[in-house]
Ligand SMILES: NC(=O)c1ccc[n+]([C@@H]2O[C@H](COP(=O)([O-])OP(=O)(O)OC[C@H]3O[C@@H](n4cnc5c(N)ncnc54)[C@H](O)[C@@H]3O)[C@@H](O)[C@H]2O)c1
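Numbering (the working numbering), first residue to last: 2 to 277.
Here you go:
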């Protein structure tokens, strides 16, 4: 079932094969958009495309690596040739970090996490915003995290990457405002996707508690007393993309049940030597 809000507007959602991106793409489709699933995994990308089409929507999966300039240029070119101007861009593709103290964090992991989360966002914004600017039309939402504003312990690279996404959002909002293009960010709170499943398993092990206890501990820290749903994030994104947010740019919307951040400070380690 669709409504007309985004009728036939072309929306690119990165990392939309699963998790939050998939729900964002599905919700955009329900509101009438033609959605492009720009996803690294050909399997989940095709699956998301099929599910949206089966529900009566218009969707097209493009195998895309957001860290690869060529891949993004091809994506933008192919989409606009096939479907016309891109109206909306949602930079959602992201990668969690293996939970560890910063003193143990490898340079490879640091680079990998920054590359996907912040360089990927930059490359997609750069390519697609330039096209939007030439038409003086378009709206962008970047998916950051509450960690980008209030860092949690043991995920330094991820915190820094998401702080970078917030800064990039504000910078581009200023630069694109003269052309009427809005750039905003959503900071999701905890949603139990594949991404968070891995983080919860690692954090519970470090704290020496069960995974269920860990999940409950997080729930209790959330003022609205429940974990988020992917639909909560999709609704926030659709609002910022829409005309209802026509006078909002450079903003960062927490969609987190009132949670501003988790410190997640670990217990003192038994050995203080270098472990890398
Ligand atoms: N789940 C949460 O609790 C939570 C909280 C805050 C922020 N976020 C952010 O929300 C976004 C989505 O997270 P999720 O929980 O759905 O994660 P997820 O791991 O379930 O999905 C991430 C998607 O991004 C894709 N991807 C990874 N690298 C890519 C690349 N180089 N090019 C293209 N696609 C790539 C993956 O294949 C996957 O489909 C991420 O940016 C994440 O940091 C999630």
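Glycine included, each C-beta is placed from N, C-alpha and C at the ideal position. The model shown is predicted, which means the values in this text are computed figures rather than measured ones.
DSSP state of residue i mapped onto helix, strand, coil
{"i": "residue 40", "result": "strand"}
{"i": "residue 123", "result": "helix"}
{"i": "residue 179", "result": "helix"}
{"i": "residue 115", "result": "helix"}
{"i": "residue 59", "result": "strand"}
{"i": "residue 46", "result": "helix"}
{"i": "residue 106", "result": "coil"}
{"i": "residue 197", "result": "helix"}
{"i": "residue 4", "result": "coil"}
{"i": "residue 247", "result": "coil"}
{"i": "residue 1", "result": "Past the edges of the chain, shown from 2 to 277, lies residue 1, and the structure says nothing about it."}
{"i": "residue 129", "result": "helix"}
{"i": "residue 67", "result": "coil"}
{"i": "residue 150", "result": "coil"}
{"i": "residue 270", "result": "coil"}
{"i": "residue 210", "result": "coil"}
{"i": "residue 160", "result": "helix"}
{"i": "residue 98", "result": "coil"}
{"i": "residue 19", "result": "coil"}
{"i": "residue 145", "result": "coil"}
{"i": "residue 242", "result": "helix"}
Rounded C-alpha distance that separates residue i from residue j
{"i": "residue 239", "j": "residue 213", "result": "32 Å"}
{"i": "residue 44", "j": "residue 152", "result": "33 Å"}
{"i": "residue 234", "j": "residue 8", "result": "21 Å"}
{"i": "residue 158", "j": "residue 97", "result": "9 Å"}
{"i": "residue 89", "j": "residue 26", "result": "11 Å"}
{"i": "residue 103", "j": "residue 156", "result": "7 Å"}
{"i": "residue 1", "j": "residue 66", "result": "For the chain, the structure presents residues 2 to 277; residue 1 sits outside this window and is missing."}
{"i": "residue 137", "j": "residue 144", "result": "23 Å"}
{"i": "residue 225", "j": "residue 254", "result": "16 Å"}
{"i": "residue 201", "j": "residue 191", "result": "10 Å"}
{"i": "residue 31", "j": "residue 227", "result": "25 Å"}
{"i": "residue 81", "j": "residue 236", "result": "26 Å"}
{"i": "residue 50", "j": "residue 33", "result": "15 Å"}
{"i": "residue 63", "j": "residue 38", "result": "6 Å"}
{"i": "residue 134", "j": "residue 83", "result": "20 Å"}
{"i": "residue 29", "j": "residue 126", "result": "19 Å"}
{"i": "residue 57", "j": "residue 75", "result": "27 Å"}
{"i": "residue 256", "j": "residue 149", "result": "13 Å"}
{"i": "residue 99", "j": "residue 72", "result": "26 Å"}
{"i": "residue 259", "j": "residue 6", "result": "28 Å"}
{"i": "residue 60", "j": "residue 36", "result": "5 Å"}
CB contact below 9 Å: residue i versus chain B
{"i": "residue 260", "result": "No chain B appears in the structure shown, which is made up of a single protein chain."}
Residues bridged to residue i [DSSP beta-bridge criterion]
{"i": "residue 12", "result": "36, 89"}
{"i": "residue 262", "result": "Looking at the DSSP assignment, residue 262 forms no beta bridge with any residue, so it has no partner."}
{"i": "residue 191", "result": "Bridge partners of residue 191: none, in fact."}
{"i": "residue 254", "result": "187"}
{"i": "residue 140", "result": "89, 183"}
{"i": "residue 229", "result": "192"}
What is the chain-ordered set of residues for which the beta carbon lies under 6 Å from any non-hydrogen atom of ligand 1? Residue selection by CB proximity (closer than 6 Å to any heavy atom of ligand 1) returns 15, 16, 18, 19, 20, 21, 22, 40, 41, 42, 45, 65, 66, 67, 68, 93, 94, 95, 96, 117, 121, 144, 146, 189, 191, 192, 194, 195, 196, 197 in chain order.
Looking at C-beta atoms only, is the number of pairs between the stretch 179-193 and the stretch 242-260 that lie closer than 8 Å three or more? Yes: the two stretches touch, three or more of their Cβ pairs being nearer than 8 Å.
Decide if the stretch 161-168 is in contact with the stretch 115-122; the criterion is three or more beta carbon pairs, one per stretch, under 8 Å apart. Taking one beta carbon from each stretch, the stretch 161-168 and the stretch 115-122 have 3 or more pairs nearer than 8 Å; the two touch.
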